[in-house]
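These protein sequences, in sequence, are chains V and H.
Here the first sequence is numbered in full-length UniProt numbering, starting from 1 and rising by one per residue.
Here the second sequence is numbered in full-length UniProt numbering, starting from 1 and rising by one per residue.
What follows is a set of notes on a single structure, which appears directly below.
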Amino acid sequence: MSFARVHLDESKCVTSGQCVLTAPEVFDQREKDGVAIVLTDSPAPELRGKVQEAAAGCPAAAIRLAAPADAPGRVGGRPPIEGPL
Amino acid sequence: MSQLSSELPSFPMSKAKGCPLDPPPEYARLRSDRPVAKARLWDGKEVWLITGYEEIRAIFTDPRISVDNTQPGYPWLSEQQRTVVLTGGVKPVGRMDPPEHTAMRRMLGQGFLVKKIQNMRGDVESLVNGLIDDILAGPRPADLVTALAMPVPSTALGWVLGVPPADKRLISLVPRLFDEDSGLEGAMEARNELFAYIDELITHRENEPGDDIISHLVGYYQKGELTRVSVLTQSVTLIAAALDTTRSMITNGILALLQHPEQAAALIDDPDLAPAAVEELLRYTVVTEFSSKRVAAADIEIAGETIKAGDGVICLISAGNRDEKFFTDPDTLDIRRDAKHHLGFGAGIHTCIGKQLARMELEVVYGTLFRRIPELRLAVPFDQLVFRNTFDVQGVRALPVTW
Chain V
1 MSFARVHLDE
11 SKCVTSGQCV
21 LTAPEVFDQR
31 EKDGVAIVLT
41 DSPAPELRGK
51 VQEAAAGCPA
61 AAIRLAAPAD
71 APGRVGGRPP
81 IEGPL
Chain H
1 MSQLSSELPS
11 FPMSKAKGCP
21 LDPPPEYARL
31 RSDRPVAKAR
41 LWDGKEVWLI
51 TGYEEIRAIF
61 TDPRISVDNT
71 QPGYPWLSEQ
81 QRTVVLTGGV
91 KPVGRMDPPE
101 HTAMRRMLGQ
111 GFLVKKIQNM
121 RGDVESLVNG
131 LIDDILAGPR
141 PADLVTALAM
151 PVPSTALGWV
161 LGVPPADKRL
171 ISLVPRLFDE
181 DSGLEGAMEA
191 RNELFAYIDE
201 LITHRENEPG
211 DDIISHLVGY
221 YQKGELTRVS
231 VLTQSVTLIA
241 AALDTTRSMI
251 TNGILALLQH
261 PEQAAALIDD
271 PDLAPAAVEE
281 LLRYTVVTEF
291 SSKRVAAADI
301 EIAGETIKAG
311 DGVICLISAG
321 NRDEKFFTDP
331 DTLDIRRDAK
341 HHLGFGAGIH
351 TCIGKQLARM
361 ELEVVYGTLF
371 RRIPELRLAV
381 PFDQLVFRNT
391 FDVQGVRALP
401 VTW
């Protein structure tokens, strides 16, 4: 069972590579510009610590973790922000 | 409680005599009394000094904070710096706010891919081993600034940027850009020489593109997404940001280990400590606070103070890195501690773009040097070392060692 869904806001990513260094099993970078890629959005439970560290360490705060119990589209327990805000 | 203008401390502040690796003692007093405090600059302007770890992190990650150095409130530290940095009129990546900043980071991101940096490790190890071979075969004492600290970052940056390896012209130009002793005229001369040199490199890459940053920037220029002047500016910025800082971090780190022989011994005994040693040395011996200047784009309430829109702000990362509220026993160098949340590379979206490259270089340099020359020691008394007279990059001018 996975512990969380990994959400990446690509528009915020500043290509620091912090997530790749912290949790290479879950994150990589696009070759052309260094923007982060999520390799698996439902990582195995044993990666929990690393993924949380990657989210906390992201300099652009571009990574969010959603508990699996959340309804689809809900991020971090808060209602999703949608539409042209 | 507000500070009276007449009582404002002046900034920059002096380091304690005999303690060139430590932050000025005034930082600790500010951090404990008033982690967000006003001070006065050389030109009479007021500036907010941020000295608490959490407060610095909050400022660095606050979207209401701008890095735009063309704002009137931006805190310059000298007329020379303002003139040298602002000449040219194109913003370097570190002075762009989003969304311009985000787009520029992506144009540069290809050169600093984690995998690419990791793949360079073997080459950096060969480079460092070759330089240490030369040191061991050469006369004693050896100056580690010229024998190790300058060639390592300039060669490695050359590989990612597309600069010919160990270009002597480049190495000599960069320190002159920001050296107060060279004066405004000298600094402008160095700036113009550096731009002319990089301009040649861009022309070279227009004709012979490779897998390097300048070639990629040239590609964006040829697609009409970047001006040629911006290609030039971003390239020069990376050079200025990478070489002077890494050079000083290499020598300051070595010096800190020489001053704490039990820490050097621990590193020699257990080479696996090298990554942690790098983080701790980055925390303990901050070499630059050049990039930590900001301007508030809106009113910001922090630590009981109100930073008004337009006010200048300087985050004193060397103060944050010695904050006892965040690091236990912060004035002690301990390479076994977990120091990875230090502020040495900044924090937030402007975090150092080359930090993974710098970390790898430092890891290889510290680990290899002390493993291969465990008897390494200073060739002159510590108090005879000459430190560079700038706030922005703090390092020793020469590091004479013997073994």
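Built from N, CA and C at the ideal position, the CB exists for glycine as well.
Model, not experiment: these values are computed from the prediction.
Any Cβ of chain H closer than 7 Å to the Cβ of V38 of chain V would place that residue at the interface, and such an atom is absent. DSSP places W48 of chain H inside the beta strand (DSSP E), whose first and last residues are 46-50.
Cβ proximity to chain V below 9 Å picks out H101, T102, R105, R106, M107, L108, G109, Q110, G111, F112 from the segment 100-112 of chain H.
P400 of chain H is bridged by DSSP to H:D143. Remark: C-beta atoms of V364 of chain H and V160 of chain H do not approach each other more closely than 7 Å. Following the DSSP letters along the chain, one finds G130 of chain H inside the alpha helix (DSSP H) bounded by residues 121-137. Bridge partners of H7 of chain V according to DSSP: V:R64. Going by beta carbons, A242 of chain H and T51 of chain H fall outside the 7 Å limit. A distance of 7 Å or more separates the beta carbons of A54 of chain V and C13 of chain V.
Beta-bridge partners of I65 of chain H (DSSP): H:A296. Chain-order list of chain H residues neighbouring E31 of chain V: Q110, L113, by C-beta distance under 8 Å. Note: L378 of chain H is bridge-paired with H:V401 in the DSSP secondary-structure output. Neighbours of A347 of chain H in chain V, taken as residues whose beta carbon is under 7 Å from its own, are P59 in chain order.
Assigned with DSSP and collapsed to three states, D28 of chain V falls in strand. Around the C-beta of Q356 of chain H, 16 or more other C-beta atoms lie within 10 Å, and the residue is accordingly described as buried. Shown here, G312 of chain H sits in a strand according to DSSP, grouped into three states.
For R337 of chain H, the secondary structure class from DSSP, reduced to helix, strand or coil, is coil. DSSP, read as helix, strand or coil, puts K38 of chain H in strand.
Against Q222 of chain H, chain V offers no close residue; the least beta-carbon distance is about 15 Å (beta-carbon pairs closer than 8 Å). Under the three-state reduction of DSSP, S10 of chain H is assigned to strand.
Secondary structure note for V84 of chain H: its alpha helix (DSSP H) is the uninterrupted segment 79-86. Close to chain V, meaning a Cβ-Cβ distance shorter than 9 Å, is no residue of the segment 283-314 of chain H at all. Annotation for I37 of chain V: the continuous beta strand (DSSP E) segment containing it runs 36-38.
Under the Cβ criterion of 7 Å, T351 of chain H is counted among the residues facing chain V. Rounded to whole angstroms, the separation of the alpha carbons of V36 of chain H and K293 of chain H is 14 Å. Contact check for L362 of chain H and G253 of chain H: beta-carbon distance about 6 Å, within the 8 Å limit, so the pair qualifies. Listed along the chain, the chain V residues whose CB falls inside 7 Å of the CB of T237 of chain H amount to none; the nearest CB is some 15 Å away. Closest option to A36 of chain V, judged by alpha-carbon separation, among V:A23, V:L47, V:P43: V:A23. The C-beta separation of A358 of chain H from T246 of chain H comes to about 5 Å, placing the pair in contact by the 8 Å criterion.
A Cβ of chain H is located within less than 7 Å of the beta carbon of T15 of chain V. Residue H:I300 holds the alpha-carbon nearest to the alpha-carbon of E55 of chain H among H:A274, H:V396, H:R121, H:I300. Leaving aside the five residues that flank D383 of chain H on each side, the residues in its chain whose CB is nearer than 8 Å to its CB run, in chain order, G18. Leaving aside the five residues that flank R95 of chain H on each side, the residues in its chain whose CB is nearer than 7 Å to its CB run, in chain order, V67, D68, N69. Flagged as an interface residue toward chain H: L21 of chain V, by a C-beta distance shorter than 7 Å. By the Cβ neighbour-count rule, G138 of chain H is exposed, with fewer than 16 other Cβ atoms within 10 Å of its own.
DSSP places T203 of chain H in the helix class (H, G or I) of the three-state scheme.
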